[in-house]
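Number of protein chains: 2
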Amino acid sequence: MTATSATASTKKDGNVHLGEYLFSRIKQLGIDNILGVPGDFNLHLLDYIYRVPDLNWVGCCNELNAAYAADGYGRVKHLPGVLVTTYGVGELSALNGVSGAFAEQAPLLHIVGTTGRPIQEESWLVHHVLPKENSLQEPDHLVYQGMSEKVRCCSAFLNDKETAAAEIDRVLTTICQKSLPGYLFIPVDMTWQPLDAARLDSKLDYSVKNEDPKLENEIVDSILSEIYASKNATVFADVLTARHRATDLVRELAKKTNFPNYTSPLGKGILNENEDRFVGVYNGQLSLEGVAKSIEASDCVLFTGPLLSDSNTGGFSHNLKDENTIYLSPDYVKVKGKLYEGVHFFPVLKKVVEQLDVEKISAESKTAAMPTISPPPVIDSPLPISQTFLVDSMSKMMRPDDLLIVETGTFQFACSDVKFNTNNSLLTQIFYSCIGFTLPATLGAALAKREDAAAKNDKGRVILVEGDGSAQMTIQELGTMVRQGLNPIIFLLNNDGYSIERAIHGPEQSYNDICPKWKWTKLLEAFGGTEGVDSFSTTVKTREELEALIGDEKFMNSDKAQLVEVIMDVNDYPWRLNEQIKLMGGKNMKVFAEYQKKNP
Amino acid sequence: MTATSATASTKKDGNVHLGEYLFSRIKQLGIDNILGVPGDFNLHLLDYIYRVPDLNWVGCCNELNAAYAADGYGRVKHLPGVLVTTYGVGELSALNGVSGAFAEQAPLLHIVGTTGRPIQEESWLVHHVLPKENSLQEPDHLVYQGMSEKVRCCSAFLNDKETAAAEIDRVLTTICQKSLPGYLFIPVDMTWQPLDAARLDSKLDYSVKNEDPKLENEIVDSILSEIYASKNATVFADVLTARHRATDLVRELAKKTNFPNYTSPLGKGILNENEDRFVGVYNGQLSLEGVAKSIEASDCVLFTGPLLSDSNTGGFSHNLKDENTIYLSPDYVKVKGKLYEGVHFFPVLKKVVEQLDVEKISAESKTAAMPTISPPPVIDSPLPISQTFLVDSMSKMMRPDDLLIVETGTFQFACSDVKFNTNNSLLTQIFYSCIGFTLPATLGAALAKREDAAAKNDKGRVILVEGDGSAQMTIQELGTMVRQGLNPIIFLLNNDGYSIERAIHGPEQSYNDICPKWKWTKLLEAFGGTEGVDSFSTTVKTREELEALIGDEKFMNSDKAQLVEVIMDVNDYPWRLNEQIKLMGGKNMKVFAEYQKKNP
Ligand SMILES: Cc1ncc(C[n+]2csc(CCOP(=O)(O)OP(=O)(O)O)c2C)c(N)n1
Ligand SMILES: Cc1ncc(C[n+]2csc(CCOP(=O)(O)OP(=O)(O)O)c2C)c(N)n1
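These protein sequence lines map, in sequence, to chains W and P.
Each number in the numbering used here comes from the position in the first sequence (counting from 1) with 248 added on.
Each number in the numbering used here comes from the position in the second sequence (counting from 1) with 248 added on.
Written as structure tokens, this is what we have:
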């Protein structure tokens, strides 16, 4: 229906086709890869990707995987992962991935190609349309749009060419500012509508500003006074710090102040672990010994980017008193009990770091003795490679700039104990905790990392640790990694099923078994890799085998996609998982019993 | 938290635990297999499956696949496919599968294990819970329940033990009556609540009754008179006939009356194609020559179970006049223009068949000459195995009682031309048209067929024809087929990508390529099969190879899971697809142009 060639721009008479406008805007932001799956309601739209120089289409095997990949991309790039799906069938398939991005605040743009405007208005019962329960009633073509309402921060239904450009800009800007998913719904006959090309000359500004600069300055001042007054200040970085692009800021804060500093499980890596003043991962009662005691004794915890979910707070066992804590959140700032709702922490933190006068910090705070932190308890396993051994091995794996991705499962509760190298980061979903997420997220993360590797002189690798049960969910995306020439290292923990669930309930129940006898080391090849050329797979059973691998520069510096099957025991659980289950299980039992008493 | 052993019943003092009540009810209906994926909010519930004798848990690789499998099960069994998922992450992953079941009216029960009642009331931010955009607001644990509202016909949130048993019964009965999806949301602390065991002594009655028996009789009479008055009556069975368990009825109607009879593309197989009076598949202008002319000349079309979507009506090109047609739908009956809303066709059709006096049918109707139907146009392909050749091969494949499953894609538009054998049926999703559906649906269908094979003396096989692009979506469920010892035959059409999309738009665009170089014949093994023992894979490129396979009794009667990779040309499209695109493309262009004129 569009007559122009696939690569020629549609710019003409000061106008540009909607599709080209949209993808030009996306490219302007610094995004080079678009993820998704084609379908007849988005094919015309996809044509415009080829008209924007250096913008690439990355087709995925299915839409849920593509959504996970877009989320992974967004977490690494700090710009929206862009996902294109088709009306209904593709859109709904992706929903759980978008929901995870919403829960953990990853920026994501979901573009849905929909039925054409006249066909919607006339309610044609074309394929993918959801009929009413009573077939005498006309179908509502907009019904799917309602289903994603709670997992997006903004959306636009582009059915009017007069407003479409502004709506695209609004949605992109909002997603970047809020670091949350947003939607664009584009009827097929809108893709070639002419929009004002001149708008493209000014770039989008998505910097975050607080409404009331006077109030903001007040808050900055009060935070600075608290810092100066403190005898024992600390910095504690949680995950939303990174999501809201404040990693560098908080690193600077830690460096400038010399305060002992901590991260949360989800925030691990935001502060450099091999700097002198890094203490450890604070996870309430489920921290390494010494960590909780020291941060809880602080009279001024600068707590950035909090996400206060069960597994990110040691089962709600944080013990930071309001009178000792300064919360710096995207939704509020709270200075020792005084709440400022609707104030975004970023501009505040920026000013704090800029205005901080190091001279005014108390000597006690600056030079506070570093607490002694005990090593993690060793848990034995009947098999040579235990969770404990794996933690040590991963500590040896990590090189500067590496990104470690850890799937929901047993090792997610062990990975807090991995010792990070310079500028390492962690990508894990310990709050939304959706399994199957990380394998496609690794694809997206690796794409994002590659886009900027040259510019940033980033030689870091992407390393995934994932259980067998989770891997079965989304395994086909291995093929897309190979197709894209990516070189992630995947440690596939073969422990015969859903071990974390066994730890929680029903260790012997067959529902915790998974599809057996998968030939894990054959999969990269089956999905298109050529062993030794663009892929490499191996199995490790002994400690020596794993050590040899990590000692092998060929493995450590490979340009191939690599999969290492690690044989582990079915009931090998990390210490923190055992403790988490004990703690949360206890809390659950208590409230269940109380509830039962009240509702006999 | 539950103390009893995994297999002992929980019946005691006239009570039974909710979990056991639920699964006992399900088993009573005649359902032997439960599909899904475990998660910590449903583990306790799953324990009760083992307490119901001969009820099996079938774990799937992921929830979307499990939903597709449950849909496939429901379409074959005509009882709800039962799907169990966990709160949020699992529940949303399955949504698109449930939506497809809703669109095409497959009975499906989606059981979601949710957070416990007190934890909901206190709004704990535990894993899987969706936070509010503003983290100062408390999360709403019920938010996911709203997302599936439009794709279910009923639901119950079981948070009260006094009403839970009645609610379970209501939801199960409604699903069976409406042949649509329904939901049960079960907080984890409800699973062990005591319900009245005595209710289980009386079975659920899900027979459909019309409210007004007098009106029903009037309708029956008027239909009988129309039949008797007709000179040229026909029977036309569409897919909802089968969904509402009226296949036997409409077969009896066809047999008793001796009227020439037809099916729709989706309804193919409902009427036996090797009976004398079967004419063909009516698909408006996109029927084989002779079909449309003859049915459109009928003065009394008994049209059962209509689903009037684009690809099931030859792009809305049905030409049945109201004054010649009797519509028999679950939502209405319409006798030659006279509409009876809210009347269900089943009891009406039953009475018509029972009361029909063959003597009163006109001789013309009973002995109407059978029209001459032209064979399908032959479309050439540069490769030996063309769509046309495949149609002929599948016609030779089919043996009595076989179930043919066809994925959305090129062959879906060819399969109307496959010549069916006795009691063959077709499972395809030509309306919701979601790719990836059929591979897991094959798993569910094969389970359902196996459950009743002995009782029904059903020796039929399950045969899937699927394109490579669709197969990539859900490929891992091959492993579950092997795990369950099933023996489907899978024809995997390797034509280098999304050919049906190429036919629609962008034949050369790279977005229509898929992940390349998959080793299709290695997959059954990679996913746990042992070649020659429980699986068999092969590639066919020539006509002779495919013919030899179909001539090989070992292949035709195998107890292994079998995968045949069929090499086909990337631009080989069946004739009906070309026509469909021409017709619908033309309609689209016309309305887009008109719309553009009205909205310049
Ligand atoms: C989509 C989804 N389905 C189900 C679950 C429930 N669940 C959480 S962890 C887990 C098991 C993970 O097993 P595996 O990946 O093998 O890791 P392991 O615990 O064995 O290390 C399951 C089923 C979930 N979190 N997300
Ligand atoms: C979940 C979903 N995503 C995308 C689509 C759009 N779509 C319809 S058919 C098709 C291609 C199918 O290709 P393949 O299975 O290889 O079959 P072929 O047409 O080549 O025979 C696609 C991508 C869809 N219908 N459903």
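C-beta atoms are modelled at their ideal positions from N, C-alpha and C, and glycine is treated no differently.
Please work out which residues of its chain come closer than 8 angstroms, Cβ to Cβ, to residue i, disregarding the five sequence neighbours upstream and downstream, and give them in chain order.
{"i": "ALA445/W", "result": "LYS259, GLY262, ASN263, VAL264, TYR269"}
{"i": "THR255/P", "result": "TYR298, ARG299"}
Could you work out which residue in the options is closest to residue i when comparing CA atoms only?
{"i": "ILE416/P", "options": "HIS375/P, ILE434/P, LYS426/P, SER783/P", "result": "ILE434/P"}
{"i": "TYR926/W", "options": "GLY284/W, ALA540/W, TYR510/W, TYR575/W", "result": "Beyond the ends of chain W as shown, which are 249 and 848, falls residue 926/W; an answer cannot be given."}
{"i": "ILE423/W", "options": "GLU381/P, TYR580/P, ASN735/P", "result": "GLU381/P"}
{"i": "ASN313/W", "options": "LYS845/W, LEU675/W, LYS644/W, THR722/W", "result": "THR722/W"}
{"i": "VAL436/W", "options": "ASN836/P, LYS846/P, PRO848/P", "result": "ASN836/P"}
{"i": "ALA342/P", "options": "ASN669/P, GLN660/P, VAL399/P", "result": "VAL399/P"}
{"i": "LYS479/W", "options": "LEU691/W, GLU612/W, VAL839/W", "result": "GLU612/W"}
{"i": "GLU792/W", "options": "SER634/W, TRP823/W, LYS808/W, LEU536/W", "result": "SER634/W"}
{"i": "ASN572/P", "options": "PHE551/P, LEU556/P, VAL591/P", "result": "PHE551/P"}
{"i": "PRO688/W", "options": "GLY307/W, HIS292/W, ASP302/W, LEU294/W", "result": "GLY307/W"}
{"i": "ASN407/W", "options": "LYS426/W, LEU443/W, CYS401/W, PRO379/W", "result": "LEU443/W"}
{"i": "SER470/P", "options": "ALA502/P, ARG447/P, LYS586/P, LEU555/P", "result": "LYS586/P"}
{"i": "THR670/W", "options": "PHE271/W, ARG709/W, THR676/W", "result": "ARG709/W"}
How long is the line joining the alpha carbons of residue i and residue j, rounded to whole angstroms?
{"i": "VAL360/W", "j": "ALA315/W", "result": "12 angstroms"}
{"i": "MET249/P", "j": "ARG365/P", "result": "At MET249/P the pLDDT is 39, less than 50, meaning the model places this residue with poor confidence; the figure from the coordinates comes in the next sentence. C-alpha separation (whole angstroms): 15 angstroms."}
{"i": "PRO764/W", "j": "GLU749/W", "result": "17 angstroms"}
{"i": "GLU523/W", "j": "ASP280/W", "result": "33 angstroms"}
{"i": "LYS598/W", "j": "THR658/W", "result": "37 angstroms"}
{"i": "ASP486/P", "j": "VAL346/W", "result": "37 angstroms"}
{"i": "MET816/P", "j": "GLN724/W", "result": "22 angstroms"}
{"i": "THR411/P", "j": "SER403/P", "result": "13 angstroms"}
{"i": "LEU568/P", "j": "PHE484/P", "result": "11 angstroms"}
Just checking residue i against ligand 1 - is the residue's beta carbon closer than 8 angstroms to any of the ligand's heavy atoms?
{"i": "MET721/W", "result": "yes"}
{"i": "PHE433/P", "result": "no"}
{"i": "ILE279/P", "result": "no"}
{"i": "LEU638/W", "result": "no"}
Do residue j and residue i come within 9 angstroms of each other at the CB atom, strictly closer than that value?
{"i": "LEU651/P", "j": "ALA701/P", "result": "no"}
{"i": "SER638/W", "j": "PHE803/W", "result": "Just to set this straight, residue 638/W is Leu in the shown sequence, not Ser. No, the pair does not count as a contact, with Cβ atoms beyond the cut-off."}
{"i": "SER577/W", "j": "GLY532/W", "result": "no"}
{"i": "GLY553/P", "j": "ALA494/P", "result": "yes"}
{"i": "SER718/P", "j": "PHE679/P", "result": "no"}
{"i": "GLY745/P", "j": "ASP761/P", "result": "yes"}
{"i": "LEU691/P", "j": "GLN660/P", "result": "no"}
{"i": "TRP823/W", "j": "PRO624/W", "result": "yes"}
{"i": "ASP640/W", "j": "ASN672/W", "result": "no"}
{"i": "ALA318/W", "j": "LEU356/W", "result": "yes"}
{"i": "ALA662/W", "j": "LEU825/W", "result": "yes"}
{"i": "SER785/P", "j": "GLU773/P", "result": "yes"}
Just checking residue i against ligand 2 - is the residue's beta carbon closer than 8 angstroms to any of the ligand's heavy atoms?
{"i": "GLY684/P", "result": "yes"}
{"i": "ILE367/P", "result": "no"}
{"i": "VAL814/P", "result": "no"}
{"i": "VAL337/W", "result": "yes"}
{"i": "GLU311/P", "result": "no"}
{"i": "SER341/W", "result": "yes"}
{"i": "ASN344/P", "result": "yes"}
{"i": "GLU714/P", "result": "yes"}
Going along the chain, which residues of its own chain have a beta-carbon closer than 6 angstroms to the beta-carbon of residue i, five neighbours each way excluded?
{"i": "LEU851/P", "result": "The question about residue 851/P has no answer, for chain P in this structure spans 249 to 848."}
{"i": "GLU521/P", "result": "PHE668"}
{"i": "VAL581/P", "result": "ILE467, TYR588, VAL591, PHE593, VAL596"}
{"i": "LEU331/P", "result": "LEU283, GLY284, ALA314, ALA315, ALA318, HIS358"}
Only counting the same chain, and skipping five residues up and downstream in sequence, which positions put a Cβ closer than 7 angstroms to that of residue i?
{"i": "ASP807/P", "result": "ASN735"}
{"i": "GLN353/P", "result": "SER427, LEU428, LEU488, ARG491"}
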